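Residue numbers (the UniProt record's numbering), protein chains in the order written: chain A, 1 to 490; chain B, 1 to 490; chain C, 1 to 490; chain D, 1 to 490. Beneath this line is the structure, given in structure tokens, with notes to follow.
4 protein chains.
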Amino acid sequence: MPAELKGLNEECGVFGVWDDSQAAQRTYFGLHSLQHRGQEGAGIVVKSENGRLLAHKGLGLLSDVFDRPEYLDELVGRSAIGHVRYGTAGSRGIENIQPLVFHYLDEDIALAHNGNLTNAVSMRRKLESDGAIFQSNSDTEVLMHLIQRQKQPKFADRLKASLREIRGGFAYLILTKDAMYAALDPNGFRPLVIGQLENGSYIVASETCALDVVGAKFLRDVQPGELVQIDDSGCHISKYTNDTQLAICSMEYIYFARPDSNIYGVNVHLARQQMGRQVALENPVDADIVVGVPNSSLSAASGVAQQLGIPDEMGLIKNQYSSRTFIQPTQELREQGVKMKLSAVRAVVEGKKVALVDDSIVRGTTSRYIVRMLKAAGAKSVHLLISSPPLKYPCFYGIDIEHTRELMAANNTVEEMREKIGADSLHFLSLPGLIKSIGLKQDEPNDGLCVAYFDGKYPTPLYDYEDGFETPKTADDHALSASVKQHQVI
Amino acid sequence: MPAELKGLNEECGVFGVWDDSQAAQRTYFGLHSLQHRGQEGAGIVVKSENGRLLAHKGLGLLSDVFDRPEYLDELVGRSAIGHVRYGTAGSRGIENIQPLVFHYLDEDIALAHNGNLTNAVSMRRKLESDGAIFQSNSDTEVLMHLIQRQKQPKFADRLKASLREIRGGFAYLILTKDAMYAALDPNGFRPLVIGQLENGSYIVASETCALDVVGAKFLRDVQPGELVQIDDSGCHISKYTNDTQLAICSMEYIYFARPDSNIYGVNVHLARQQMGRQVALENPVDADIVVGVPNSSLSAASGVAQQLGIPDEMGLIKNQYSSRTFIQPTQELREQGVKMKLSAVRAVVEGKKVALVDDSIVRGTTSRYIVRMLKAAGAKSVHLLISSPPLKYPCFYGIDIEHTRELMAANNTVEEMREKIGADSLHFLSLPGLIKSIGLKQDEPNDGLCVAYFDGKYPTPLYDYEDGFETPKTADDHALSASVKQHQVI
Amino acid sequence: MPAELKGLNEECGVFGVWDDSQAAQRTYFGLHSLQHRGQEGAGIVVKSENGRLLAHKGLGLLSDVFDRPEYLDELVGRSAIGHVRYGTAGSRGIENIQPLVFHYLDEDIALAHNGNLTNAVSMRRKLESDGAIFQSNSDTEVLMHLIQRQKQPKFADRLKASLREIRGGFAYLILTKDAMYAALDPNGFRPLVIGQLENGSYIVASETCALDVVGAKFLRDVQPGELVQIDDSGCHISKYTNDTQLAICSMEYIYFARPDSNIYGVNVHLARQQMGRQVALENPVDADIVVGVPNSSLSAASGVAQQLGIPDEMGLIKNQYSSRTFIQPTQELREQGVKMKLSAVRAVVEGKKVALVDDSIVRGTTSRYIVRMLKAAGAKSVHLLISSPPLKYPCFYGIDIEHTRELMAANNTVEEMREKIGADSLHFLSLPGLIKSIGLKQDEPNDGLCVAYFDGKYPTPLYDYEDGFETPKTADDHALSASVKQHQVI
Amino acid sequence: MPAELKGLNEECGVFGVWDDSQAAQRTYFGLHSLQHRGQEGAGIVVKSENGRLLAHKGLGLLSDVFDRPEYLDELVGRSAIGHVRYGTAGSRGIENIQPLVFHYLDEDIALAHNGNLTNAVSMRRKLESDGAIFQSNSDTEVLMHLIQRQKQPKFADRLKASLREIRGGFAYLILTKDAMYAALDPNGFRPLVIGQLENGSYIVASETCALDVVGAKFLRDVQPGELVQIDDSGCHISKYTNDTQLAICSMEYIYFARPDSNIYGVNVHLARQQMGRQVALENPVDADIVVGVPNSSLSAASGVAQQLGIPDEMGLIKNQYSSRTFIQPTQELREQGVKMKLSAVRAVVEGKKVALVDDSIVRGTTSRYIVRMLKAAGAKSVHLLISSPPLKYPCFYGIDIEHTRELMAANNTVEEMREKIGADSLHFLSLPGLIKSIGLKQDEPNDGLCVAYFDGKYPTPLYDYEDGFETPKTADDHALSASVKQHQVI
């Protein structure tokens, strides 16, 4: 494994509905509840009455993309898929916003993708040598070209054959004039669920919270290696491969998914609360109060408080208003960015020994600011409890972690980290503690979780990312530093 | 008192700094932390080197108004005041965005105002009869015209004489080429504090949270009837009237101010927590868990949980992304608005007796939706605890409550409210309980609080709003229904 | 007269209609035809059914200001006035966009103004000393404050008394709930006409072209010193002063007004054509073809061609698309701005002796570029004929000429100008020739024209602009350089 | 030939420069001078130092697309191509804006296209059957897919082979990391020229006016069937086919190209002037004055005046400001659109017999309004002279004419047209007169012109548009009606 690795693609959210009178509106509401999975771009594609696909896509939040009523009103049709994208400043191009729409033999096909392929670069080169032309930098196109090169008469068969050729993490939603398809990779790295509206229409979405917001009933999680075909005859689930092994991304439970979502039957909020209990059990720090970093660590903080038997207090306040600003901070105004987002409540923390709870440490800068903020507000001591193990390795299956060189835990001992952050003590949840807290499937390796970011043991070969293989040229290095910034700003 | 009353003006936030190299930037950061006090418009005025005032103002959030770097960069000067406005759809005009800038005898004067005058209409008519011309609908102009009609040679004396002529609630910030002035009404209805940067520059702001964000030290609250003059010789505080009686708005503590702010020495978060304890002490409901409505009721919920000795759980999740949408909800999509903002966490509430905590009930519609949402998620019972007394009367001092006819508590018994909302029980904090929870100044009437929204006993005559006096013609009725909507959407 | 003078205000266009079912729409169409009189801002005010005035105003072209259908649709009412403004970059503020709306004694009053007052500064100071507060830098407010200080019971009488107190050039449109008023200064410096729709509704507008575009019949020019009152009883014309002397701005005929407009019975296009004949008669240059600078000099060029008996050829082409660009021209790309707007047609001018016709020379830079462009395209010689006399003095009555120091003709002999411009010969129309070409009213001084820009003999005292009187402080010097640029770019 | 035909694609403009320090800026200026060829979208692609292509594209005018300085500043590179597009409302998608950028084997390739292929649909179907995936509706992609299917090792050879497979009218600009290519169809339907900057850099552009604006010297017209390759070794011109026959679009001379451009050595303005002389020679109407419809018919009008020996007068004025408006014209406000764009000058036309000159008649509506306008302004009679033959047939080579059913001349006799338009007489230029007026190459059929819109004799087979072949499914019928509207508004 090379010392220098990176995660190349982005986390995203997908939502689709088949045969509903309010298809575009449902998709809008569903995507809105998945906005936390991607804020850089959004798009909705509907199947119009004549079978053609109509799209509206754009950069920014969903509400920015659909900032005129006609944009949604014009998407007339009974089936739709949509996508929110956690993109990167480096790939500003509108051509990367999904769903992508392709034209082929008088038929339109739309694809939306959450994940990252590990053999995209080599597949792409092979396809290009064979005459394929790509119009975006996205992995998503690879699948489309593969499909077109298959010879089977039925689309579903061509799709299955193509899915067998790609590697990595993927949850695909595909819309054609005849059906909506959902496909999950053989390890189920990314979550994907099926629901049903009261009127019988089927929904597929990245998280169960999207089912709730449109009033749909949860039916089941899509399982690794499954292809779901929803058409006018109903919902048909088959396996495109039997070589499967569940390894759902543990970071979904730790910080990515919404607390009200359930993944493979485990509620995210409760899992986080349990991680809090567990890290406190493993590290019974001496504190008067517990303070969680809002909003992502509040669940864990409540668990810490329960375990330690001390109050869970609101010692940090998050400003709910957008903090984007054009102000170039002068030397004097440094740390202003964090201050615009978080404030310490002096009346709560003054004179207190604080057990500060956060879900993870990436570069450590924000942690340092927060500890300093609490101490400036009078905290007697700050013990930092992280409700996950140290983050040391990149993800290749769809979440955008760091260059290893920028991951604090990859380059420092816990004591070095503690000192740089300025906390009185620093404690991480153990890896067994994490796995146990989530408590997914005890008969599977790592209980069915992918925990490679913590132990470097990837559940699959890494293909294009293996040692010695050049980093894909289509990736933009700027993207990484941009995403760093994005993660750091809490 | 007429059956039909209304609060006419808006809650707002002000911030000013004198003699600082980053005056406009500080004001930007300060206003950002006060954004919760007004989201409809924002403006910053700086004093340029030659004494002229430069302004940039606009509709929307601060980050929308300053959406190009040059807008802030062009505000070059060492002193500035700014304003965020809780405006109303009906008064769309840019001319109402503050600070207002006036030109007079080759001097520019800027005013920013938080509050509502109770004799604005009659004063305005008097001034107009005397030849004054108004260019906005705002109360703020009245003060300026009064100042210009005084004959004293010194501006501060003219200002004081004018302040003695106006009635109601007001916290003014005024910028001239010679000084920055801050003035508070004789009852101190609205909060206003003085701070100081490390470099010695003085700050005036609506709440202490704005001092924290710019790194300023809190000096003191401005007291009722005080005029603060900050100029190159320092900060001078005098009284323009001795006929004062503290009656700070209790709604600031209940739901309006930021939890990390302190008002007259009382921390807002802790006051809310105590309200939670008190309402639970007064109403020890039978529940398994406590669930607060995020974000405004989380402080109170933690107090309820402490008092009841049961867990404070995250049973409702707030979507952090903007929910503005152009979608016209069909019959089928009703309640979608609330669903886009709040979700129940089934795994938390299923099978539980829930003590739901909210800070107030206005029209009751949202409460009904939330109770329904919790029950749909499996709650066995929902007991709704409101951490303030029933809201029955309008405010005339600066917050925009409702037409009495639309206030649920003004027209229903508690039992009728409970039934409409669908809760298993409904309990309000008692008025003495509220006053005791805040615990401000025990030697003042109502401990120094204005609680007129609950008991109808206004601490001052109402002047233009007295029985029989016609509602000011310059007010726009549309404003009210707009503000209703705004308050209702959580 | 000081060596350093400047024109302070801007040329503008006004349009109003009383009692028409399409009042806002008519005003929109009328203003569109007057857009050449001002491109920096636009606004429309309608009188709604209840007598209140509703406004929509903004920066930029009319079509930019009304870029959403609802902006016009919301202006519901049967009477309206509008304004297009030739503003200046220095006074970016929206508060200067007209019509200005004032509130007074429960009545709204709107004013739109074309012209420049010569005693605005002193009147303003007097009013301010008397307690008036100004909210804009515009002269327009002065009139409103004067009106409010009059004691007569009838508005029209107060207005007349106020009009007698102001000096300079002005064409006012005023809208109240009872009537629309139009007033012209005692010299009639600015054009103003009355028309009538087929349905009987009266129109007032700056130029007759605005009557044509809405299908109105021309009734008459407003005469110097007249006040027109249009209300539900009809159109009433009276004199507010008898001390009048027609001195209509000759620059309106020369380059400002639209060719299809008639001013005091003289068609602008025909007047320009006659100026062309006259300058050629006075200066029978030796040329093969005539080339006019498009579009403003095409009328004059046709007259030159007729007089010289040689073809009028299209040797210069104007690009009809906006040339605003953010590109900072490098040394190498200099003159690009002119090239983006004008091109020489080589096939027309190659090998030809060209009589180039332009309407005026301000700084001379553009003329130099054009001559160079024609020679580069092969012109054998270029004789430049200017269809007006040398521009040497500023205007104080409403058009924005230059600092005298920047007017080429104020600082150079004709021969020096010729050499700098690079023409083979340079000829101006004589002042008698100009007056004769327009042929307005032979029994009036200068035939009823103001020609002060050419001979420095102003038809009125200059009041605030007289020698020794300080330049008004409220004026912005940036404005001037901005307007220079604007005039220079053809 | 089917009764129902239509032109499917759009006229456009292209510009490219190789190896210049200001490549993006030159392209901006060049495209600005070609803006008349397309106003619906624009884009520029530069080759960055590392060989990757950077693009900025958008909907609207060039100045709208590049409305922030950074958009152009970020296009850093020494070679660039750009495109302005005459698109259609129906194909709103940003994915159709050119240049299109493709990724292939780690190389980026950009294409810009002016013209219309006649075998695009059949080629596309063939390519799709063979696995190609299309992402836009544009013809342009066809060429790219063809290139990728060729097997020759050199790009230029693959390009030549591909060019031999496509049919119709096309002028292509292609940018790769190694070279810029320009290719013209075997009939040279669309104009394309090569120029050179003083610094030696080569330029390719649709019209010579674009060379002038960037200060480039004209080198030569690209000839039918030529491929131009410009790279660091210079400019290399070769033929990809010898089966060529010049048939340059006569509409370029009649109304499309800019008057200062030369096409195959013939100046457009002079050609139009000659058409005017010729139509007057063929139809010596009895008139007092000539009036041209501005701006496109002014050249022809001057020729008519010369021939008839009567004055060429400015009887119609064009408003230079944008007339786009959201106003829905009521019955009463009909014809307002034309009035906003054109005005008659009563002083010129009153009492006159007018020879009105226009370049073409499409649907006849505008002509009817103009004639009515002139008569309302007092014209005694209006004789309409059209400086081209009756437009009866669609174009398949790149200009967007009408459905035959909407072409007035396809469905009416000249006398019927005259009556509907309301002119006193109506005369068209004869086809021989047109050909003679342009006077291109007397030894070629039709002197080297395509005149199929007039006589229906297409110089090539029509392939996909032949009788019985279904209209391409990828075209959008809305596009047509939109383009009709666009053409009609003068």
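Each residue gets a CB set at the ideal place from its N, CA and C atoms; glycine is no exception. Note that the structure is predicted; figures quoted are calculated from it, not measured.
Exercise for the section: In angstroms with no decimal places, state the Cα-to-Cα distance between residue 198 of chain D and residue 217 of chain D. Expected result: Start at 1 with the first residue of the fourth sequence, and residue 198 of chain D comes out as number 198. Start at 1 with the first residue of the fourth sequence, and residue 217 of chain D comes out as number 217. So the alpha carbons of these two residues sit roughly 8 Å apart.
Exercise for the section: Compare the C-alpha of residue 395 of chain A against each of A/186, A/117, A/178, A/215 and name the closest. Expected result: Along the first sequence, one-based indexing puts residue 395 of chain A at 395. For the residues A/186, A/117, A/178, A/215, the minimum Cα distance to residue 395 of chain A belongs to A/117.
Exercise for the section: Measure the CB-CB distance between residue 287 of chain B and residue 387 of chain B and report whether it falls below 7 Å. Expected result: In the second sequence, residue 287 of chain B corresponds to position 287, counting from 1. In the second sequence, residue 387 of chain B corresponds to position 387, counting from 1. Contact flag unset, no.
Practice task
On the DSSP bridge assignment, give the partners of residue 85 of chain C in chain order.
Solution key: Walking along the third sequence from the start, residue 85 of chain C turns up at place 85. The partner list for residue 85 of chain C (beta bridge, DSSP) reads C/12, C/41.
Problem - Within 7 Å, strictly: CB atoms of residue 175 of chain D and residue 182 of chain D - result: Against the fourth sequence, residue 175 of chain D aligns to sequence position 175. Against the fourth sequence, residue 182 of chain D aligns to sequence position 182. Result no, Cβ atoms of residue 175 of chain D and residue 182 of chain D do not sit closer than 7 Å.
Handout entry: Cβ neighbours of residue 29 of chain A in the same chain (closer than 7 Å, five flanking residues each side left out)
Key = On the first sequence, position 29 is the one that residue 29 of chain A refers to. The residues 213, 214, in chain order, have a CB closer than 7 Å to that of residue 29 of chain A in the same chain once the five nearest residues on each side in sequence are set aside.
Practice task
Measure the Cβ-Cβ separation of residue 110 of chain C and residue 17 of chain C and say whether it is below 7 Å.
Solution key: For this step, residue 110 of chain C is matched to residue 110 along the third sequence. For this step, residue 17 of chain C is matched to residue 17 along the third sequence. Not closer than 7 Å, so no.
Exercise for the section: For chain C, find out if any of its Cβ atoms is closer than 7 Å to the Cβ of residue 14 of chain B; answer yes or no. Expected result: Start at 1 with the first residue of the second sequence, and residue 14 of chain B comes out as number 14. No, residue 14 of chain B does not count as interfacial toward chain C.
Exercise for the section: Could you tell me which uninterrupted beta strand (DSSP E) segments, each at least 3 residues in length, are contained entirely in the region 350-398 of chain D, listed from first to last along the chain? Expected result: 353-358, 381-386
Handout entry: Touching by the beta-carbon criterion (3+ pairs, under 8 Å), the region 363-382 of chain A and the region 420-438 of chain A
Key = yes
Problem - Under 7 Å between C-beta atoms of residue 291 of chain A and residue 204 of chain A - result: Here residue 291 of chain A refers to the residue found at position 291 of the first sequence. Here residue 204 of chain A refers to the residue found at position 204 of the first sequence. No, these two residues do not count as a Cβ contact at 7 Å.
Problem - Near the ligand FAD: residue 435 of chain D beta-carbon under 6 Å from a heavy atom - result: Ligands displayed in this structure: none; no statement on the ligand FAD is therefore possible.
Exercise for the section: Answer with yes or no whether the minimum CB distance from residue 35 of chain A to chain B is below 7 Å. Expected result: Locating residue 35 of chain A in the first sequence gives position 35, where the first residue counts as 1. For residue 35 of chain A, the nearest CB of chain B lies under 7 Å from its own CB, placing it at the interface with that chain.
Practice task
Kindly provide the ranges of any alpha helix (DSSP H) runs that are 4 or more residues long and lie completely inside the region 170-213 of chain C, ordered along the chain.
Solution key: 208-213
Practice task
Following the continuous alpha helix (DSSP H) through residue 155 of chain D, name the residue where it begins and the one where it ends.
Solution key: As a first step, residue 155 of chain D is located in the fourth sequence; it is residue number 155 there, counting from the start. Segment 155-163, the alpha helix (DSSP H) holding residue 155 of chain D.
Exercise for the section: Provide the residue span of the beta strand (DSSP E) that contains residue 30 of chain B, from first to last. Expected result: Sequence index remark: in the second sequence, residue 30 of chain B carries index 30 (1-based). Counting along the chain, residue 30 of chain B falls outside any beta strand (DSSP E), though it belongs to the alpha helix (DSSP H) covering 23-33.
Handout entry: Contact list for residue 240 of chain A against chain B, beta-carbon separation under 9 Å
Key = As a working mapping, residue 240 of chain A is identified with position 240 in the first sequence. None at all; the shortest Cβ gap to chain B is about 31 Å.
Problem - Beta-ladder partner(s) of residue 64 of chain A, from DSSP - result: Against the first sequence, residue 64 of chain A aligns to sequence position 64. None; residue 64 of chain A has no bridge partner.
Handout entry: Host beta strand (DSSP E) of residue 466 of chain D (start-end)
Key = The residue you call residue 466 of chain D lines up with position 466 of the fourth sequence. It is not in any beta strand (DSSP E) - residue 466 of chain D carries neither H nor E in the DSSP assignment.
Problem - Contact residues within the region 334-351 of chain A, judged by C-beta distance below 8 Å to chain B - result: Listed by position, the residues of the region 334-351 of chain A near chain B (Cβ gap below 8 Å) are 336, 339, 340, 343, 344, 345, 346, 347, 348.
Practice task
Just mark residue 157 of chain B as buried or exposed, buried being the case when its beta carbon has 16 or more other beta carbons within 10 Å.
Solution key: In the second sequence, the residue the question calls residue 157 of chain B occupies position 157. Exposed is the call here.
Exercise for the section: Over the uninterrupted alpha helix (DSSP H) stretch that includes residue 54 of chain C, give me the two end residues. Expected result: Taking the third sequence and counting its residues from 1, one reaches residue 54 of chain C at position 54. Here residue 54 of chain C belongs to no alpha helix (DSSP H); instead the beta strand (DSSP E) covers 53-59.
Exercise for the section: Inspect the beta-carbon positions of residue 189 of chain C and residue 169 of chain C and report whether they are closer than 7 Å. Expected result: Within the third sequence, numbered from 1, the residue matching residue 189 of chain C stands at position 189. Within the third sequence, numbered from 1, the residue matching residue 169 of chain C stands at position 169. Yes. Within cutoff.
Practice task
Grab me the residues of residue 343 of chain B's own chain with a C-beta within less than 6 Å of its C-beta, minus the 5 sequence neighbours each way, in chain order.
Solution key: Counted from its first residue, the second sequence places residue 343 of chain B at position 343. Here the set comprises 317.
Practice task
Please list the partners that residue 61 of chain A has in chain B, where partner means a Cβ-to-Cβ separation under 8 Å.
Solution key: Indexing the first sequence from 1 puts residue 61 of chain A at position 61. Going along chain B in sequence order, the residues near residue 61 of chain A (Cβ under 8 Å) are 321, 322.
Practice task
Could you tell me whether the region 63-79 of chain D touches the region 128-135 of chain D, using the rule of 3 or more Cβ pairs below 8 Å?
Solution key: no
Practice task
Kindly indicate the opening and closing residues of the beta strand (DSSP E) around residue 218 of chain B.
Solution key: Within the second sequence, residue 218 of chain B is the residue found at index 218, counting from 1. 217-221 is the extent of the beta strand (DSSP E) around residue 218 of chain B.
Practice task
Could you give the DSSP three-state label for residue 422 of chain C: helix, strand or coil?
Solution key: Stepping through the third sequence from its first residue, residue 422 of chain C is reached at position 422. If DSSP states are grouped into helix, strand and coil, residue 422 of chain C belongs with coil.
Exercise for the section: Give the straight-line distance between the Cα atoms of residue 192 of chain C and residue 45 of chain D, rounded to the nearest whole angstrom. Expected result: Taking the first residue of the third sequence as 1, we reach residue 192 of chain C at position 192. Taking the first residue of the fourth sequence as 1, we reach residue 45 of chain D at position 45. Rounded to the nearest angstrom, the two C-alpha atoms are 51 Å apart.
Handout entry: Positions along the region 253-268 of chain A whose CB lies within less than 8 Å of some CB in chain B
Key = 258, 259, 260, 262, 267
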